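Each residue of the sequence shown is one higher than the one before, starting from 83 at the first, in our numbering.
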Amino acid sequence: MKRQKSRKTKKEDRDPLRLAPPNPGDLPLSPASPPVAASPSSVIDVDVLIVGGGINGAGIARDLAGRGWRVALAERDDLAAHTSSSSTKLIHGGLRYLEYYEFSLVRKALQEREVLLKSAPHIMRPLRFVMPHDPAMRPAWMIRLGIFLYDHLAKREVLPGSEGVNLRTHALGAPLKPQFTRGFVYSDASVDDARLVVLNALDAQARGATLWTRCACVSAQRSAQGWTATLQSRDGSQRTVKARALVNAAGPWAESFLREVARPADAESLATKSLRLVKGSHIIVPRCFEHDHAYIFQNPDKRIIFAIPYEEHFTLIGTTDVELQGDPGRAHINADETAYLCEQASRYFKKAVTPADVVWTYAGVRPLLDDASGDPSAVTRDYLLESNAAGGAPLLSVWGGKITTF
C-alpha cells in the first residue's frame with residue numbers, strides 16, 4: 083500500500099488542503115461500499131484504520147477519505163499532542179540539509195513549502211531569515227552556493243529570493259555584536275503546527291473519516307482478510323474495529339507499536355526498521371529584536387539554531403539535538419540544553435540571553451529513521467513509507483519525516 087499525493091496532477095495544482103478525485107489505483111485495495119454504522123456487537127468495519135493523530139496520521143486520513151475510502155483514526159491522546167505541536171513552527175526546505183547532500187529531501191520540502199503557502203495562508207506566513215556570516219564557521223562562498231541552490235532547487239513563486247546584507251549599516255544588524263558585519267537573507271515560512279494538524283483532521287472528518295481521540299489501540303491482529311483492532315478509551319470502554327488495511331503513524335511510538343501492540347507472532351516480521359529518537363528543545367524569552375525577520379545562527383559544533391519572532395512580545399530560540407532514551411511522552415528540556423541555547427544565542431546578540439530570561443520551554447521528540455549516523459543532527463530528516471503485506475492484510479508504516487513534507 084503506497085500513499086500518494088495526487089502525483090498525476092500538475093505540481094501547481096497540488097494542494098494538501100484540496101484533494102484530487104478518488105484514484106483507486108493508488109492502493110492495492112479498491113474502495114468498498116459506503117461506511118457502515120457500528121453493529122450491536124460494537125464491531126466497526128472500515129477500509130483503513132490509522133493509528134496516530136499527528137501530522138502524518140491526520141494528513142493520510144484526509145487524503146484517503148478524499149479518495150472515497152472508509153477511514154478511522156485512533157489517537158491515544160489529543161490531536162498533535164506530541165511531536166507535531168512541538169516543532170520549531172517552520173515550513174522550510176531545510177537549508178542545513180544541503181551540507182549533508184540531502185538534495186532530494188530539500189527539493190521535496192521546498193515544493194511542499196510552496197504548496198502550503200498557497201493553500202493555507204491563514205495559518206502560515208512568509209518569514210525572512212538573516213544568517214550573520216561567521217568566517218570561523220563556514221566560508222562565504224559555501225553559504226552563497228548553498229543559498230543559491232536553496233533558491234533554485236524547486237520552483238518558487240510566493241517567496242522572494244535571497245540577498246546579501248551589510249549588517250554594519252542595516253537595521254537587521256542592530257541587535258548583533260559588531261564583529262558580524264555581513265549577512266545573508268533568505269526566505270522560508272512559519273506555521274501554527276498544531277492547527278495544521280487539526281485542520282487536516284477536521285477536513286478528513288468532513289470527508290467521512292471517523293476520528294477517536296484519547297482512544298488507544300491496545301491490540302491489532304492480522305489475518306489474510308484484514309486487521310482486527312481493539313481500541314480502548316480512557317474510561318475503559320472498548321470497541322473493535324475491522325479494517326482491510328492498517329496505517330502505523332504513531333510517530334515516536336511507531337516501532338514500539340509494532341512490537342508491543344501487534345500480535346507477538348507477527349512482531350519480528352512487522353518491525354523491520356528502527357527509529358532514532360532525537361529530542362529537540364526550545365526556549366521562549368522576551369523579544370530580542372524589534373523587526374519581523376528571524377535569525378539563523380551557526381554554532382561551533384556545526385549545528386544551527388533559530389531565533390524567531392514569537393507571539394509579538396517574545397523570541398523563540400531552538401533547537402537542540404539530544405538522543406532520547408526514555409519515554410517520548412515525558413520529554414522535557416534539561417538545564418544543559420537551556421544553557422546551550424542561551425550560550426549560542428549570546429554569541430551573536432549584543433544583549434546576552436540567560437536562563438533567567440526564559441519564560442517558557444517545550445521539547446518534542448523527532449522520530450527519525452535510524453541511518454547509523456554518529457551525530458544526532460546528521461540523521462536524515464527524510465521519511466520512508468514502508469508497505470508490508472507479507473502473510474496477511476496490508477500494513478503501511480510511516481518512518482521519520484518532518485512537518486513540511488507530511
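Where is the CB? At the ideal position from N, CA and C, for every residue including glycine. Values in this document were obtained by computation on a predicted structure and should not be read as measured data.
- DSSP places Met-224 inside the alpha helix (DSSP H), whose first and last residues are 222-234.
- With contacts defined as CB atoms closer than 8 Å, Val-367 and Thr-401 fail to qualify as a contacting pair.
- Pairing Val-323 with Leu-131 gives a Cβ-Cβ distance under 8 Å.
- Taking a cut-off of 8 Å on C-beta distances, the segment 419-426 does not touch the segment 250-263, as fewer than three cross pairs fall below it.
- Residue state for Trp-335 is assigned as helix, using DSSP reduced to three classes.
- Straight across, the Cα-Cα distance linking Arg-369 with Ser-269 is about 21 Å.
- Trp-294 sits close to Leu-155, with the two beta carbons spaced by under 8 Å.
- Secondary structure note for Lys-361: its beta strand (DSSP E) is the uninterrupted segment 357-368.
- For Gly-446, no alpha helix (DSSP H) run applies; the uninterrupted beta strand (DSSP E) run containing it begins and ends at 442-451, by DSSP.
- Counting only the Cα atoms, Glu-337 lies some 15 Å from Gly-136.
- Under the DSSP definition of a beta bridge, Glu-468 partners with Ser-479.
- Per the coordinates, the alpha-carbon of Arg-226 lies some 29 Å from the alpha-carbon of Phe-488.
- If only complete runs of 4 or more residues are kept, the segment 262-296 shows the alpha helix (DSSP H) at 275-288, in order along the chain.
- Residue state for Asp-457 is assigned as coil, using DSSP reduced to three classes.
- With distances taken between CA atoms, Ile-173 lies nearest to Val-188 out of Val-188, Asp-159, Leu-180 and Tyr-183.
- Val-212 is not a Cβ neighbour of Tyr-392, given a cutoff of 8 Å.
- Counting along the chain, the unbroken beta strand (DSSP E) around Glu-245 starts and ends at 245-248.
- Residue pairing for Asp-127: DSSP places it in a beta bridge opposite Lys-324.
- With respect to the 8 Å criterion, Lys-190 and Asp-275 are not classified as neighbours on the basis of their beta carbons.
- Trp-481 is the residue among Asn-138, Trp-151 and Trp-481 whose C-alpha sits nearest the C-alpha of Tyr-465.
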